[in-house]
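Residue numbers (the numbering used here), protein chains in the order written: chain U, 1 to 353; chain F, 354 to 644.
All C-beta atoms, glycine included, are put in the ideal place defined by N, C-alpha and C.
Remarks on the structure that follows.
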């Protein structure tokens with residue numbers, strides 16, 4: 001059932017409940033061949049549930065999964081022809097690296113010579129050629145992860161599923177492996193669904209992001225779309241809009257809205273329906289706030305050195321915390337004024353939860 | 354002086370080691386000393402040189418055959434207990450409702466004790482027990498099938514009392530195997546049978562070897578059931594009965610001690626063979642990586 005000769009993979013209203021609690025509510029998504037999709041969201045958002053449903057390790061409560069015209073959700077995991085990389089790697093501890101990678105090929109009764117050739121190739125791809133004879137327990141975490149990836153891609157699966165594969169690695173290794181995964185995807189062109197709670201990881205790896213919250217899709221889009229134009233305050237929060245100011249819409253003019261309250265007046269761009277008098281949440285990234293001659297008065301509280309610039313935490317007279325970055329280093333206690341471009345201040349209606 | 358203390362502490366030698374003293378005393382006084390005393394005693398017969406008791410054991414068929422009789426009971430019973438535990442424990446993995454009740458039911462016989470089990474067996478499988486009455490009423494047999502007071506009675510008793518023990522051990526070995534491994538094998542194309550044979554069984558095998566050894570030792574020292582539901586003068590004259598008779602019927606302590614030593618040596622040989630096989634297996638971690 002493997003082979004990459006397909007056009008698209010379709011999830012049609014895929015849902016899963018655990019004892020009446022809905023972990024995933026109707027995920028509809030079309031994955032094009034060769035695409036790298038990231039399922040992104042905080043823990044408990046349903047992203048791992050979605051992945052396990054795709055892999056066939058968890059039966060669906062609702063919906064269906066299709067590869068072109070073949071219905072897949074009724075097919076057991078061993079016959080779906082997907083490769084999966086597990087969070088804790090799930091390497092077979094009693095088999096050598098070589099036999100771990102060869103396992104899937106043996107299950108598919110691939111001839112011995114071809115198995116050997118493909119395993120060698122996969123191990124070379126992840127730079128583990130010289131460790132082929134070792135047991136997984138003799139490898140470092142990063143090496144184990146690479147074996148897990150080689151084991152999944154050696155089958156040339158129609159879909160590779162990755163369940164937070166980097167979350168057990170230290171920061172430096174995580175960056176290295178991220179590049180490695182991206183490079184592998186570019187080399188092999190394997191359709192990939194990648195689950196993560198790390199927005200940076202998702203943005204840097206994926207062609208398209210699916211942001212989930214409480215089992216529901218919040219937004220589907222390219223990294224640029226999701227990063228630049230989050231459609232809800234939850235996506236904004238998740239995408240690093242650290243400044244979330246509960247304000248009130250004063251007046252809507254053309255494409256901008258003036259928001260105020262607590263001694264603050266700012267101009268932003270409305271996302272969704274915002275009418276004068278509505279309670280709103282104004283969201284901005286720290287890197288979009290600037291210290292300027294005019295703007296919101298605030299007092300500097302904490303300054304953190306971060307290499308090229310400093311991160312500043314300031315507080316308005318009304319007590320609202322502001323996070324910004326600055327090339328010059330203000331001193332704690334200093335009075336500053338903070339401003340933001342109207343295009344970079346997103347104003348969300350506050351009636352949603 | 355301080356340097357020496359640090360060097361010793363590095364190797365785990367420090368004052369905390371003294372905490373082991375009571376346990377060590379216990380083992381020496383209650384196990385090592387009686388064991389060595391028994392060996393010494395077995396080598397001091399009244400006449401015929403130091404090995405006379407052993408010579409008598411190996412030349413007297415009535416004594417010698419107790420070894421094969423005991424092995425003939427203990428080996429199949431231990432093997433059956435381990436083999437029967439595997440599918441049941443495998444099926445009972447994971448978390449679900451009613452697991453505790455089911456486990457309790459399976460483990461209950463361990464609390465009964467041999468005497469109660471023997472009584473139950475006599476009532477159920479005896480010549481006038483339910484089992485034979487049903488068989489005869491159905492016309493499947495004319496005379497009662499003899500299942501007690503012979504080999505089978507003891508065998509059933511060993512299975513009933515030994516199974517819960519093997520089941521508990523196998524269950525705990527199984528629960529130590531990372532369930533993600535089987536899921537990984539499934540995504541790699543392995544069906545249920547291959548997942549068990551290629552992943553679970555190899556990781557479980559060392560545990561099965563250990564379980565077999567412990568089950569075997571339990572079954573090998575069978576005594577009460579061999580008397581109560583067996584045929585202690587014939588078919589189920591096991592080695593512990595012979596040792597008991599030597600010590601408390603004939604008051605031949607030297608022979609009894611020699612029998613005890615033979616019993617220990619036979620057990621050690623079997624365990625040695627099984628552990629030798631176990632050493633050939635993979636015995637490392639049973640998790641799939643960093644958790």
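Margin query: Contact between the segment 49-64 of chain U and the segment 167-180 of chain U is defined here as three or more beta-carbon pairs at a separation below 8 Å; is this criterion met?
Written below: Output reads no: the segment 167-180 of chain U does not touch the segment 49-64 of chain U.
Margin query: To be precise: take each residue of the segment 531-544 of chain F, compare its Cβ to all Cβ atoms of chain U, and keep it if any distance is under 8 Å. Which residues remain?
Written below: Cβ contacts with chain U come from 531, 533, 534, 536, 537, 538, 539, 540, 541, 542, 543, 544.
Checklist line | Interface partners of residue 638/F on chain A, CB under 7 Å | finding: The question asks about chain A, but that chain is absent: this structure's protein chains are U and F.
Note to self: What does the alpha-carbon distance come out to for the pair residue 371/F and residue 383/F?
What the structure shows: Cα-Cα distance, rounded: 19 Å.
Notebook entry, point to check: How would you call residue 331/U, buried or exposed, if buried means at least 16 neighbouring beta carbons within 10 angstroms?
Noted result: Answer is exposed; the Cβ neighbour count stays below 16.
Margin query: Helix, strand or coil for residue 255/U? Go by DSSP, reduced to three states.
Written below: Residue 255/U sits in coil when the DSSP states are folded into three classes, being neither helix nor strand.
Check: What residues in its chain sit with their C-beta under 8 Å from that of residue 155/U, if we drop five residues either side in the sequence?
Finding: Here the set comprises 2, 81, 83, 104, 105, 108.
Check: Within 8 Å: the Cβ of residue 369/F and any heavy atom of the ligand ATP?
Finding: In the structure on display, the ligand ATP does not appear, and there are no ligands present to speak of.
Check: Using a Cβ cut-off of 8 Å, which residues of the segment 104-135 of chain U contact any Cβ in chain F, in chain order?
Finding: Of all residues in the segment 104-135 of chain U, 104, 107, 108, 135 have a Cβ within less than 8 Å of some Cβ in chain F.
Notebook entry, point to check: Which residues mark the beginning and the end of the beta strand (DSSP E) in which residue 210/U is found?
Noted result: DSSP places residue 210/U inside the beta strand (DSSP E), whose first and last residues are 208-213.
Checklist line | Contact set for residue 128/U: own chain, Cβ-Cβ below 6 Å, skip 5 residues either direction | finding: Residues of the same chain with a CB within less than 6 Å of the CB of residue 128/U, apart from the 5 flanking positions on each side, are 146 in chain order.
Next item on the list: Would you give the residue range spanned by the beta strand (DSSP E) that residue 15/U belongs to?
Entry: Going by DSSP, residue 15/U is part of the beta strand (DSSP E) stretching over 8-18.
Margin query: For residue 572/F, count the other beta carbons within 10 Å of its own beta carbon; 16 or more makes it buried, fewer makes it exposed. Which is it?
Written below: If you draw a 10 Å sphere on the C-beta of residue 572/F, you find 16 or more other C-beta atoms in it, and that means buried.
Margin query: Run through chain U and tell me which residues come within less than 8 Å of residue 650/F, C-beta to C-beta.
Written below: There is no way to answer for residue 650/F, as the model of chain F reaches only from 354 to 644.
Checklist line | Closest Cα partner of residue 193/U within the set 12/U, 33/U, 15/U, 17/U | finding: Measuring C-alpha to C-alpha distances from residue 193/U to each of 12/U, 33/U, 15/U, 17/U identifies 33/U as the nearest.
Check: So the beta strand (DSSP E) residue 60/U belongs to, where does it begin and stop?
Finding: Counting along the chain, residue 60/U falls outside any beta strand (DSSP E), and DSSP gives it neither H nor E.
Next item on the list: Label residue 143/U either buried or exposed according to how many other C-beta atoms from any shown protein chain fall within 10 Å of its C-beta, with 16 as the threshold for buried.
Entry: Residue environment analysis places residue 143/U among the buried positions, since at least 16 neighbouring C-beta atoms fall within 10 angstroms of its C-beta.
Check: Can you find a C-beta in chain U that's less than 9 Å from the C-beta of residue 635/F?
Finding: Yes, residue 635/F lies at the interface with chain U (some Cβ there is under 9 Å from its Cβ).
Next item on the list: Give the DSSP-derived three-state secondary structure of residue 280/U in the structure shown.
Entry: Under the three-state reduction of DSSP, residue 280/U is assigned to strand.
Note to self: Going by C-alpha to C-alpha distance, which of 427/F, 639/F, 465/F sits closest to residue 553/F?
What the structure shows: The shortest C-alpha to C-alpha distance from residue 553/F to any of 427/F, 639/F, 465/F is the one to 639/F.
Note to self: In the DSSP assignment, the alpha helix (DSSP H) including residue 120/U goes from what residue to what residue?
What the structure shows: Note, residue 120/U: alpha helix (DSSP H), 112-125.
Notebook entry, point to check: Which ranges does the beta strand (DSSP E) cover as unbroken runs of at least 3 residues, wholly within the segment 177-253 of chain U, from first to last along the chain?
Noted result: Counting whole runs of 3 or more residues, the segment 177-253 of chain U contains the beta strand (DSSP E) stretches 192-196, 208-213, 216-221, 243-253.
Notebook entry, point to check: Using a Cβ-Cβ distance under 9 Å, would residue 155/U count as near chain F?
Noted result: So, interface residue.
Note to self: Counting only beta-carbon separations shorter than 9 Å, does residue 76/U have a partner in chain F?
What the structure shows: Interface residue, yes.
Check: Can you find at least 3 beta carbon pairs, one from the segment 572-584 of chain F and one from the segment 502-509 of chain F, that sit closer than 8 Å?
Finding: Judged by Cβ distances under 8 Å, the segment 572-584 of chain F makes contact with the segment 502-509 of chain F, as three or more pairs qualify.
Note to self: Less than 9 Å between CB atoms is the rule here; does residue 550/F satisfy it with respect to chain U?
What the structure shows: For residue 550/F, the answer is no, since every Cβ of chain U falls outside 9 Å of its Cβ.
Next item on the list: Taking residue 642/F as the query, report the chain U residues whose CB atoms sit under 7 Å from its CB, ordered along the chain.
Entry: Near residue 642/F (Cβ distances below 7 Å), the residues of chain U are 88, 89, 90, 91, 136, 144.
Check: So is residue 369/U in contact with chain F if we call contact Cβ pairs under 9 Å?
Finding: Lying before the first or after the last residue shown, residue 369/U is absent from chain U, which here runs from 1 to 353.
Notebook entry, point to check: So, do the segment 372-380 of chain F and the segment 297-309 of chain U have three or more beta carbon pairs nearer to each other than 8 Å?
Noted result: No, they do not touch.
Next item on the list: Have a look at residue 91/U and residue 515/F and give me their C-alpha separation to the nearest angstrom.
Entry: Near 35 Å, if we compare the C-alpha coordinates of residue 515/F and residue 91/U.
Item checked: Simplified DSSP assignment, three categories, for residue 524/F -> In this structure, residue 524/F counts as helix in the three-state DSSP scheme.
Check: Three-state secondary structure (DSSP) at residue 504/F?
Finding: Helix at residue 504/F.
Notebook entry, point to check: According to a CB-to-CB cut-off of less than 8 Å, which residues of the segment 33-55 of chain U neighbour chain F?
Noted result: Residues of the segment 33-55 of chain U whose Cβ lies closer than 8 Å to any Cβ of chain F, in chain order: 55.
Margin query: Could you compute how far the alpha carbon of residue 478/F sits from the alpha carbon of residue 489/F?
Written below: Their backbone Cα atoms lie some 13 Å apart in a straight line.
Notebook entry, point to check: By the criterion of Cβ-Cβ separation under 8 Å, what are the contact partners of residue 57/U in chain F?
Noted result: The contacting residues are 536, 539, 540.
Margin query: Pop quiz: residue 284/U and residue 344/U are said to be a contact at Cβ under 8 Å. What is the actual Cβ separation, rounded to whole angstroms?
Written below: The beta carbons of residue 284/U and residue 344/U sit about 6 Å from each other, so the pair counts as a contact at 8 Å.
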